[in-house]
Every structure is written in C-alpha cells, then in structure tokens.
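In this note's numbering, the protein residues as written are 678 to 998.
No residue lacks a Cβ here, since even glycine has one placed at the ideal position from N, Cα and C.
Predicted model, so just to flag it, every value in this text is computed and none were measured.
Here it is, written out as structure tokens:
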C-alpha cells in the first residue's frame, strides 16, 4: 500500500505563498522574523474570519493591530514588530494603521530599571565572564558580531585607525568598528591562528546583557571625545570632521554614478536636542538634554556603525545604566 501524502493546511499553504515574497530579504534574521510574524497574522485571520486566501487577509490589519494592543497588551515596539511584515506584504504604509507610537524612552532593553529579574549568568562582575565583558565594553559590538570574530578580523580604516572588522553585522553589513583602547583590544587578536575564534562557544553561552555594554561603550566614547575637544580645541574637531568625511566617501557611494553621495553638513553642526518623552526621561534620570552633533555622529558612525543621530542619542546615550 502506498503511503498517504498529508495535505498541507490552509495556514501552511498561505504561509508558503507569502514566503516567496519575503525571500527578497537577504538577511536571514530579518527574513525569518518577517515570515514568523506574518504566519501569526495568517493564524489570526484563519481563527477569527476563516479566510482561505491572502487577499482576504488584507482587510483585517487594523483589527489585528487593535487585538495586539487591547487583548495581547503588547508594547508599542512589539506591535510595530508584528505589523511590519503584514504592512510590507500588502504594500501599506504603517502610518495608515492606527497603533500606539513607539518612544525610545519607554524601551526596557538595556535599562537598569527594566523590572526584569536578574539571572545568575547576567552578572558583569562574575570572573567567569570578565574576558567577554571587557571586550564588549571596549568595542561596543553586538553579541552575534562578537561570536563570529576570528583572530584575522581586524584592520586599519581609511584614516589609518585600528578597527575590529565585522564581516557580517546587522543587516548582513560589513563594517570597521573603531575602539578607544587600541592596545587592550589588539591583545585579543594576538598569538592566535587566523581562523581561530576570539571566544569559545562556552564563553558565549550566557545571558549577559551585551546591549547594555554596547550602550556603555557609546557613552564612554562620547565622554572621551568631548574631553579631547575641550583639551585640544578646534584642531581636534577638524580632525574628527575629516575622518567622518573620509568614511562617508568610502561607504556612501551612489550606485548610479559610482561617486560618493552628498554629505549633509547639518549633521555635524550645532546640537541635537532631546524632545518629548525622551526629554522627560533625561530630566528624570539627570541625563544631558542636548548632544554635540559632531561627537554624536562620530560615535554613531565609528562605534555604532550607522549614520543616525536620533538612534545614537535616544537609544544609547539617553539611557540610565
């Protein structure tokens, strides 16, 4: 007797259809997260409305958003995460779906007052994790980036500064991460085979809050460069501007012309001011209300690997740790 082939459920069929669309996202983490969250939406539509096609799912986005808020009681950030693939698939601007606004001041991740119980393997002072904690604190790298590092992953950038070379960072991007304490970080790469991992699987098997160390690294770097400018004056600011422009010309190439895109001078002029809930959070926790844009962009580019002033100020510097 031939074995009966089990027919896929409607949910499985619809998920398979959607997978084709999400295959355009080349980053594994993004693609898998989008498929997982879109499948949740399909399940909701199946259970509540017995849909049989993806086209039928289109009409229930607002209802789903309301359900995530009122029934599941998710935070604004989680609601946004669940809705992102749904809006992407149906080519709908997320602003068209009524939902609570996300405020970085409300984020819990990496904050000392997040209300979460501390685990024994999330103790920075534990000697067992000393080597990893000190490296993360001095580089500001993400957990996945640290995990992949080998002894050959360092370089000197366009300004001849020592950097940790991240072959595959967030979004699959390759970038060179600056460090302040060059000699200390260099020691991790010495006397090893080029293919040897910097950290063993045993060292990485923990619940340490690496994101908090990343924020601390950014804060320490901001204070360091603030002090350097105070001591050395305009000549040091000019050097920082020159290095930022060199990185811009190296990393922001227009695919059509093959030339660097125009650098927005406003990004390094004046101050970045916190507003709204972020300002309230800063006042509550006795944190600065404004940041020097030049230093802020420098930290953003060389230590956090992006060109976004708001993310650096609100998610990393405006954090009580």
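Across the structure, residue 692 and residue 802 are spaced so that their CA atoms are roughly 45 Å apart. Cα atoms of residue 986 and residue 728: separation of roughly 43 Å, rounded to the nearest angstrom.
Residue 833 is bridged by DSSP to 839. Looking at the DSSP output, residue 844 shares a beta bridge with no other residue.
Taking the Cα of residue 964 as reference, the smallest distance to any Cα among 807, 971, 955 is reached at 955. Straight across, the Cα-Cα distance linking residue 800 with residue 810 is about 10 Å. Secondary structure within the region 931–997: the beta strand (DSSP E) runs of 3 or more consecutive residues, fully enclosed, are 948–950, 967–969 (chain order). Rounded to whole angstroms, residue 907 and residue 972 show a C-alpha spacing of 12 Å. Under DSSP, residue 905 shares a beta bridge with no residue. Close CB contacts of residue 905 within its chain, under the 8 Å cut and outside five residues either way in sequence, are with 913 (chain order). Per the DSSP secondary-structure output, residue 853 pairs in a beta bridge with 842. Of all alpha-carbon atoms in 743, 744, 742, 718, the one lying nearest the alpha-carbon of residue 732 is that of 718. For the pair residue 821 and residue 876, the Cα-to-Cα distance works out to about 11 Å. Taken through DSSP and simplified to helix, strand or coil, residue 729 comes out as coil. By the neighbour-count criterion, in which 16 or more other beta carbons inside 10 Å mark a residue as buried, residue 685 falls on the exposed side. Burial state of residue 934 is exposed, judged by a 10 Å Cβ sphere holding fewer than 16 other Cβ atoms. Residues of the same chain with a CB within less than 7 Å of the CB of residue 873, apart from the 5 flanking positions on each side, are 827, 828 in chain order. Take the alpha-carbon of residue 960 and the one of residue 966: they are about 7 Å apart.
In this structure, DSSP gives residue 775 a state outside helix and strand, which the three-state scheme calls coil.
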